[in-house]
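Numbering follows our numbering, with no gaps: position 53 of the sequence shown is 64.
Note that the Cβ used here is the ideal one computed from N, Cα and C, for glycine as well.
First comes the structure, then the notes that go with it.
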Amino acid sequence: MTDTYTAPVFIAKPGTPTVSVRQWNCQHSTKSNPGLKAQLSKIPVPSDAVSSPDSDAEMAIYDPVHDSLWEFWKMRHVNGTWQACWGGQIKNFSKSNGIFPWPYGATATGLPLAAGQITAEELQSGQINHVIGISLVELADKSIFSWPANRSDGSNPKNLPHRIPEGTRFRLDPSINLDALKLTSVAKIIAKAAQIYGFVVWDKSGAISLRAENVLSYTALGLANPYPALFAGKQSWAILKNFPWDKLQFLSRNYGK
Numbered sequence: 012m013t014d015t016y017t018a019p020v021f022i023a024k025p026g027t028p029t030v031s032v033r034q035w036n037c038q039h040s041t042k043s044n045p046g047l048k049a050q051l052s053k054i055p056v057p058s059d060a061v062s063s064p065d066s067d068a069e070m071a072i073y074d075p076v077h078d079s080l081w082e083f084w085k086m087r088h089v090n091g092t093w094q095a096c097w098g099g100q101i102k103n104f105s106k107s108n109g110i111f112p113w114p115y116g117a118t119a120t121g122l123p124l125a126a127g128q129i130t131a132e133e134l135q136s137g138q139i140n141h142v143i144g145i146s147l148v149e150l151a152d153k154s155i156f157s158w159p160a161n162r163s164d165g166s167n168p169k170n171l172p173h174r175i176p177e178g179t180r181f182r183l184d185p186s187i188n189l190d191a192l193k194l195t196s197v198a199k200i201i202a203k204a205a206q207i208y209g210f211v212v213w214d215k216s217g218a219i220s221l222r223a224e225n226v227l228s229y230t231a232l233g234l235a236n237p238y239p240a241l242f243a244g245k246q247s248w249a250i251l252k253n254f255p256w257d258k259l260q261f262l263s264r265n266y267g268k
């Protein structure tokens, strides 16, 4: 995904004016959340920032001066005021464990979108040097999850066996010769990262999906869309054709904790 259901990421420049992002009650909760209110105050929102144009309306902002990351779910700009239904802040992001404090953040697991998405710059360089977030369809019940997730939105009402908990880590068999497979150049870059760093289940979706950083990260700044050239004209669904999904190796629950 490159244009919907993936978060644009904006870097706040020094001196960017700060604003408070108001919480709007899209989930019709009967209780306010003071912790969220505190995290959504004094945010340097760039003037060209926009959220993803879909029902999740996600967005991420990183402030390198103060080393803070904010992520938002259902973010909108109404009458000159930014509002978000949910989100959160990770302070000292570069030195943190990379997990939003419970129960904050834009994903269902507390794992940051900005860290698990694939960027155009990574594809241009030919290397992805981090674990990649992956969304699956049928998952274990929300009461069952694996570190680094600190929560889940999984559902298994019929208690079916062998459902995958959110937060599960898995990797692509490192013995596979990827150069011998008929993969697109982008799929090969992703596959090599999956052999070294792996995937982590960070959310539920209607299809197995990986997220590339939203094209708005580039076009909102007046830059060209980098993905058509990287994808060589192929549709996003065709990028992972022939990917050896059957060679994934699942790691034990709470692996790495």
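Who are the near neighbours of residue i in its chain, counting only those whose CB is closer than 8 Å to its CB and skipping five residues on each side?
i: Ala-60; result: Pro-19, Phe-21, Met-70, Ile-72 and Ala-231
i: Ser-105; result: Asp-78
i: Gly-267; result: Trp-158, Pro-159 and Arg-180
i: Pro-185; result: Gln-206 and Ile-207
What residues are listed by DSSP as bridge partners for residue i?
i: Ala-23; result: The partner list for Ala-23 (beta bridge, DSSP) is empty, contrary to what the question assumes.
i: Thr-17; result: DSSP lists no partner for Thr-17.
i: Leu-55; result: Note that residue 55 is Pro in the sequence shown here, rather than Leu. Partner(s): Thr-29.
i: Thr-92; result: Val-89
i: Ile-175; result: Leu-150
i: Gln-100; result: Trp-81
i: Gln-34; result: Ala-95
Answer yes or no: do residue i and residue j have a C-beta to C-beta separation smaller than 8 Å?
i: Ala-119; j: Lys-215; result: yes
i: Thr-13; j: Ser-247; result: yes
i: Leu-183; j: Pro-123; result: no
i: Trp-113; j: Asn-161; result: yes
i: Gln-135; j: Glu-224; result: no
i: Lys-203; j: Asn-253; result: no
i: Gly-209; j: Phe-242; result: no
i: Ile-139; j: Ile-219; result: no
i: Arg-222; j: Gly-144; result: yes
i: Ser-62; j: Met-86; result: yes
i: Pro-168; j: Ala-151; result: no
i: Glu-82; j: Ala-117; result: yes
i: Lys-270; j: Thr-195; result: Nothing in the structure corresponds to residue 270, since the chain is present only between 12 and 268.
i: Gly-99; j: Val-148; result: no
Quick one: residues in its chain with C-beta nearer than 6 Å to the C-beta of residue i, no 5 flanking neighbours on either side, listed in chain order?
i: Lys-199; result: Leu-189
i: Ser-31; result: Ser-52
i: Thr-179; result: Ser-157 and Val-212
i: Leu-251; result: Ala-198
i: Gln-50; result: Gly-99 and Gln-100
Which residue marks the beginning of the alpha helix (DSSP H) containing residue i, and which one marks its end?
i: Glu-133; result: 131-136
i: Ala-60; result: It is not in any alpha helix (DSSP H) - Ala-60 carries neither H nor E in the DSSP assignment.
i: Thr-115; result: This sequence places Tyr at residue 115; Thr is not what is there. Looking at the DSSP string, Tyr-115 is not in any alpha helix (DSSP H), and its letter there is neither H nor E.
i: Leu-227; result: 227-230
i: Leu-259; result: Per DSSP, Leu-259 belongs to no alpha helix (DSSP H); it is in the beta strand (DSSP E), 259-261.
i: Ala-125; result: 124-127
In this structure, how does DSSP classify residue i when only helix, strand and coil are distinguished?
i: Ser-79; result: strand
i: Gln-50; result: helix
i: Ser-105; result: helix
i: Leu-206; result: In the sequence as displayed, the identity of residue 206 is Gln instead of Leu. The answer is helix: DSSP assigns Gln-206 an H, G or I state.
i: Ala-218; result: coil
i: Tyr-266; result: coil
i: Ile-187; result: coil
i: Gly-233; result: coil
i: Ala-243; result: coil
i: Ala-198; result: helix
i: Ala-223; result: strand
i: Trp-256; result: helix
i: Trp-213; result: strand
For residue i, collect the residues of the same chain with a Cβ closer than 7 Å to its Cβ; drop the 5 residues on either side in sequence, then sort them by chain order.
i: Gln-38; result: Cys-96
i: Ile-110; result: Gly-121, Leu-122, Pro-159 and Asn-161
i: Val-226; result: Thr-13, Asp-14, Asn-236 and Tyr-238
i: Asp-67; result: Tyr-16, Trp-84 and Lys-85
I need the boundaries of the beta strand (DSSP E) containing residue i, first residue and last residue.
i: Ser-146; result: 143-147
i: Ala-71; result: 70-74
Should residue i be counted as a contact of the ligand ADP given a C-beta to heavy atom distance under 7 Å?
i: Asn-265; result: Of ligands this structure carries none, so the ligand ADP is not represented either.
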